[in-house]
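Enquirer: There's a structure below that I have some questions on.
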Amino acid sequence: MTSPAGPPPTGSGDGERQRLKLLAVTACPTGIAHTYMAAEKLAQAAESRGIEMKVETQGSIGAENVLDDNDVKHADGIIVAADKDVDLSRFAGKRVLTVGVAEGIRHPEQLIERVLSAPVQAEGGAPTAPSAGGGKERSLGYKALMNGVSYMIPFVVVGGLLIAISLSLGGHPDPSGGLVIPKDSFWMDVNNIGVIGFTLMVPILSGYIAYAIGDRPALVPGMIGGWIANTGELYDSKAGAGFIGAIVTGFLAGYLVLWIKKVKVPKFAQPIMPIIVIPIVATTALGLFFIYVIGKPISWVFEHLTDWLSGMTGTSAILLGAILGLMIAFDMGGPVNKTAFLFGTGLIATGNQTVMGMCAAAIPVMPLGQGLATLIRRRLYTEQERETGLASLFMGCFGISEGAIPFAAARPAQVIPANMLGGAVAGAIAGVAGVEDAVPHGGPIVAVLGAVSGVPMFFVAVVIGSAVTALATVALVDLGERRRRGEPVGGAGTAGPEPVLAGVGAGAPGTGGVVGRRAVREAEAVGGSASPAAAPAEPAAPERAAALEGSAETADGTPAAENGVGEVLSGYLTQQTVKAELGADGKESAIREMSELLARTGRVADVDELVACALRREAQGTTGLGEEIAIPHAKTDAVTEPIVGFARSGQGVEWGSLDGTKARLVFMIAVPEAAAGDEHLRILALLSRKLMDAGFRERLLAASDESALLGVLREVG
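First residue of the sequence shown: -14, per the working numbering; consecutive thereafter.
Okay, structure coming up:
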């Protein structure tokens, strides 16, 4: 058999048959169970074939077992089983096989065979998506877009909130209506800082979209391209291209850099290509292309759009209001929005304030509607998106439509139509009611401060428009997620709104189980204990000690009190929350039975809400991990403290696991919202890692009763 081209296998020499050495990286979007399952499966498959393998896990508590330069130097191939971007540039010159994380769980043996004929990673290779042959997942374009959105969100939130705060605390009513912040005042400085945040958000979005596609050389052209897109003066337009222009420049910059990288250059020029040549060439080409090719048509279109709107001022107020609302909601500060806004502003001076009234009613609909949507259907949104939703609600009250941009950028196909529908409804209602606005601003704040006539109908328009946007968004996002879950997806563990926001959600790096356990205990010492209000629900100290220690024995017959069995997962799992026989025969009934088990501790304030929250999580994607394991979990204030339960099912419960096995080992984790960050992820990571030990699973299945089970569970930490 002909051996594949590339670096030869390494070994110890001296006539001894050299042993194949492989490396692997596993990662999933949440960095919890599937990351460690894939790592374990690959390691087991390699060991069974006599192959040396080292696996780096990029989990929720950081990268562990990190591959160093020496590992890479002597490797014969690298398997990257990941559902998020992994930097492949460090593997230049080696055979690299990229697949979805589910492939690492399902077909580890096949991956080991395939990596020997995988393509060689080029120098300076960017983070890449899994190949088509290895499990389906989100496309590179989607992941690049989400990367840009994740970096943009802080700029939107900080900029918008600073502007809103400066207006509310430093502004005063102007005789002509509206809010004015005195120049050279403290609050004007705060306002200016907020404006800087808003100014930067568009190039940040563009830059990090480009970075996700073309790596570091694409960052500069992406950011400068985004700035150009947002600065209409550079191409003789009254309004820049906004966030939509930034998305365009981000993708153009990323793929332009990828194309330039393929150009063959002399060896002496290669070191300066990513630092000097590529950024300069790509930035210049992209900037001039936007100014001379894209920018001029944008300017021409929106000049004629203004003329068209001017010709409609005598038509039906409902029609004009709906059109202006559609335009205001389309790109939230972009050229279409600005065209409608400037049209309304220009007519104020002529005495026609009704057009601005239509615009003012539509302006807050997008941020209010998107914020409301995150409250209506929380399960459709990640924790970061829900926090952004609260900020969006606040910005909407002050007429800052840009608060909805993160949602529109992340899900344009669902959010933009919903925004436009709500904006059209609000504009039409304001138009038919004859609402007037005397100042070039919108949102409830201008009505509160007396710039609006017809205040009751103004608020009716805003409320109805926002409700329409929220309901339409929820319906469209839910429909999109259902369709996606209904398709055969290789990365089956990554369901629901995918929280693939680069740079977000990674915990502190850890170096193994001991560090992880210490981190959990430290977290508990800081904030994991029950609040005073919850104290009466807890058993008294002597009773709790008896419940934890009692006369239980470990698997080897040693009294539990001597071995400290009560300290399982830092006390989150106790003998009260262990059950030797789960009676339920279905997922829903099993979750209810587990919730009632957790309620024994007195830490569950509302069992029904805990069940409902766990089922909502299941609707996003199964928590059945395979290997007869399920870990349902819930983040809800229905519990007063973090708590973990375990039950064993003799017949198994159908859980929709990746490998088709029924769940016989069921852990349930419940944490209050305040502890839903690192604490929740650390518990999951610790459990997932230990559950990959086949011997541990066998000991759990063989344990005779609750006391014996608790003795085995003590191995978790």
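From the three backbone atoms N, C-alpha and C, an ideal C-beta is built for every residue, glycine too.
Using CA coordinates, which residue listed in Y240, L698, E612 is at the minimum distance from T559?
Expert: What you label residue 559 is simply residue 574 of the sequence shown in a count that begins at 1. Of the listed residues, the one whose Cα sits closest to T559 is L698.
Enquirer: On the three-state DSSP scale, how would you describe H59?
Expert: Here residue 59 refers to the residue found at position 74 of the sequence shown. Coil at H59, not helix or strand.
Enquirer: Helix, strand or coil for I616, going by three-state DSSP, please let me know.
Expert: Along the sequence shown, one-based indexing puts residue 616 at 631. Looking at I616 - three-state DSSP - the assignment turns out to be coil, as it is neither helix nor strand.
Enquirer: Please determine, among A376, V424, A345, V459, the residue with the shortest C-alpha to C-alpha distance to G416.
Expert: Numbered from its first residue, the sequence shown carries residue 416 at position 431. Minimum Cα distance to G416 is reached at A345.
Enquirer: Roughly how many angstroms lie between the CA atoms of V205 and A270, to the nearest whole one?
Expert: For the purposes of this step, residue 205 is taken as residue 220 along the sequence shown, with counting starting at 1. For the purposes of this step, residue 270 is taken as residue 285 along the sequence shown, with counting starting at 1. So the alpha carbons of these two residues sit roughly 12 Å apart.
Enquirer: Buried or exposed: H618, going by 16 or more other Cβ atoms within 10 Å of its Cβ?
Expert: Taking the first residue of the sequence shown as 1, we reach residue 618 at position 633. Buried: at least 16 other Cβ atoms inside 10 Å.
Enquirer: Roughly how many angstroms lie between the CA atoms of G318 and T184, to the nearest whole one?
Expert: Position 333 of the sequence shown, counting from 1, holds the residue named residue 318. Position 199 of the sequence shown, counting from 1, holds the residue named residue 184. Taking the straight line joining both Cα atoms gives about 11 Å.
Enquirer: On the CB-based measure, 16 or more other CB atoms within 10 Å of its CB, does N177 come out buried or exposed?
Expert: Taking the sequence shown and counting its residues from 1, one reaches residue 177 at position 192. The residue is exposed, with fewer than 16 neighbouring Cβ atoms inside 10 Å.
Enquirer: With distance defined between alpha-carbon atoms, name the residue in R633, G645, A679 nearest to E691.
Expert: Indexing the sequence shown from 1 puts residue 691 at position 706. Ranking R633, G645, A679 by CA distance to the CA of E691 puts R633 first.
Enquirer: By the 10 Å Cβ neighbour count, where 16 or more other Cβ atoms means buried, how is W285 classified, buried or exposed?
Expert: Taking the sequence shown and counting its residues from 1, one reaches residue 285 at position 300. Exposed, because fewer than 16 other Cβ atoms sit within 10 Å of the Cβ of W285.
Enquirer: With DSSP run on the structure shown, which of helix, strand or coil describes T42?
Expert: Position 57 of the sequence shown, counted from the start, is the residue given in the question as residue 42. In this structure, DSSP gives T42 an extended state, which the three-state scheme calls strand.
Enquirer: Candidates V431, V656, A599: which alpha carbon is nearest L152's?
Expert: If you number the sequence shown from 1, residue 152 lands on position 167. Here the closest residue by C-alpha is V431.
Enquirer: Measure the Cβ-Cβ separation of E603 and K572 and say whether it is below 8 Å.
Expert: Residue mapping note: residue 603 aligns to position 618 of the sequence shown, counting from 1. Residue mapping note: residue 572 aligns to position 587 of the sequence shown, counting from 1. Their beta carbons are under 8 Å apart, which means E603 touches K572 by this criterion.
Enquirer: My understanding is that A12 touches P93, with C-beta atoms under 8 Å, so please give their C-beta distance in whole angstroms.
Expert: Sequence index remark: in the sequence shown, residue 12 carries index 27 (1-based). Sequence index remark: in the sequence shown, residue 93 carries index 108 (1-based). Not a contact, Cβ separation roughly 16 Å.
Enquirer: In whole angstroms, give me the CA-to-CA distance for A693 and P391.
Expert: As a working mapping, residue 693 is identified with position 708 in the sequence shown. As a working mapping, residue 391 is identified with position 406 in the sequence shown. Roughly 51 Å between the two C-alpha positions.
Enquirer: Over what stretch of residues does the alpha helix (DSSP H) that includes K128 continue unbroken?
Expert: As a working mapping, residue 128 is identified with position 143 in the sequence shown. 125 to 155 is the span of the alpha helix (DSSP H), which, as asked, contains K128.
Enquirer: With H, G and I counted as helix, E and B as strand and the rest as coil, what does DSSP make of A376?
Expert: Here residue 376 corresponds to residue number 391 of the sequence shown, with the count starting at 1. Helix at A376.
Enquirer: Quick check: the Cα distance between F631 and A67, rounded to an integer number of angstroms?
Expert: Within the sequence shown, numbered from 1, the residue matching residue 631 stands at position 646. Within the sequence shown, numbered from 1, the residue matching residue 67 stands at position 82. Straight-line Cα distance between these residues: approximately 29 Å.
Enquirer: Just reading off the beta strand (DSSP E) that F652 is part of, what are its end residues?
Expert: Taking the first residue of the sequence shown as 1, we reach residue 652 at position 667. Per DSSP, F652 belongs to the beta strand (DSSP E) from 648 to 656.
Enquirer: If the criterion is Cβ atoms closer than 8 Å, does the pair G78 and V100 meet it?
Expert: The count along the sequence shown starts at 1 and reaches residue 78 at position 93. The count along the sequence shown starts at 1 and reaches residue 100 at position 115. For G78 and V100, no; Cβs fall outside 8 Å.
Enquirer: Below 8 Å between beta carbons: does that hold for L595 and V563?
Expert: On the sequence shown, residue 595 is found 610 positions in, with the first residue counted as 1. On the sequence shown, residue 563 is found 578 positions in, with the first residue counted as 1. The answer is no: Cβ separation not under 8 Å.
Enquirer: Is G609 helix, strand or coil by DSSP?
Expert: In the sequence shown, the residue the question calls residue 609 occupies position 624. Of the three classes helix, strand and coil, the one that applies to G609 here is strand, per DSSP.
Enquirer: K6 and D61: beta carbons closer than 8 Å?
Expert: As a working note, residue 6 is residue 21 in the sequence shown. As a working note, residue 61 is residue 76 in the sequence shown. Result yes, Cβ atoms of K6 and D61 sit closer than 8 Å.
Enquirer: Buried or exposed for Q703, going by 16 or more other Cβ atoms inside 10 Å?
Expert: What is shown of the chain runs -14 to 702, which leaves residue 703 out entirely.
Enquirer: Does DSSP classify A254 as helix, strand or coil?
Expert: Here residue 254 refers to the residue found at position 269 when the sequence shown is read from its first residue. Here A254 sits in helix by DSSP.
Enquirer: Ignore the nearest five residues each way along the sequence and tell me which others in R585's own chain have a CB closer than 6 Å to its CB.
Expert: Taking the first residue of the sequence shown as position 1, residue 585 is located at position 600. Around R585: Q561.
Enquirer: Go to I628, then tell me how far its beta strand (DSSP E) extends in each direction, as first and last residue.
Expert: Along the sequence shown, one-based indexing puts residue 628 at 643. Residues 628 to 638.
Enquirer: What does a CB cutoff of less than 7 Å around F76 pick up in its chain, not counting 5 residues either side in sequence?
Expert: Position 91 of the sequence shown, counted from the start, is the residue given in the question as residue 76. Same-chain partners within the cutoff: V57, I63, Q106.
Enquirer: If you follow the beta strand (DSSP E) that K6 is part of, which residue opens it and which one closes it?
Expert: By one-based count along the sequence shown, residue 6 stands at place 21. Counting along the chain, the beta strand (DSSP E) containing K6 begins and ends at 6 to 12.
Enquirer: Residue range of the alpha helix (DSSP H) that V433 falls in?
Expert: For the purposes of this step, residue 433 is taken as the residue at position 448 of the sequence shown. Unbroken alpha helix (DSSP H) run through V433: 429 to 433.
Enquirer: Determine which residues share a DSSP beta bridge with T83 and list them.
Expert: For this step, residue 83 is matched to residue 98 along the sequence shown. V65, per the DSSP bridge assignment.
Enquirer: From the beta carbon of A569, is the nearest beta carbon of chain C less than 8 Å away?
Expert: Of the protein chains in this structure there is only one, and it is not chain C.
Enquirer: Are the CB atoms of G133 and M380 within a distance shorter than 8 Å?
Expert: Along the sequence shown, read from residue 1 onward, the residue named residue 380 stands at position 395. Along the sequence shown, read from residue 1 onward, the residue named residue 133 stands at position 148. For M380 and G133, no; Cβs fall outside 8 Å.
Enquirer: Give a yes or no on whether the C-beta atoms belonging to G239 and A214 are separated by under 8 Å.
Expert: Residue mapping note: residue 239 aligns to position 254 of the sequence shown, counting from 1. Residue mapping note: residue 214 aligns to position 229 of the sequence shown, counting from 1. Between G239 and A214, the C-beta spacing is not below 8 Å.
Enquirer: Applying the 10 Å Cβ sphere with the 16-neighbour rule, what's the burial state of A687?
Expert: Reading the sequence shown from its first residue, position 702 is the one you call residue 687. Under this definition A687 is an exposed residue.
Enquirer: Looking only at DSSP bridge pairs, what is E421 linked to?
Expert: Position 436 of the sequence shown, counted from the first residue, corresponds to residue 421. Note: E421 sits in a beta bridge opposite S438.
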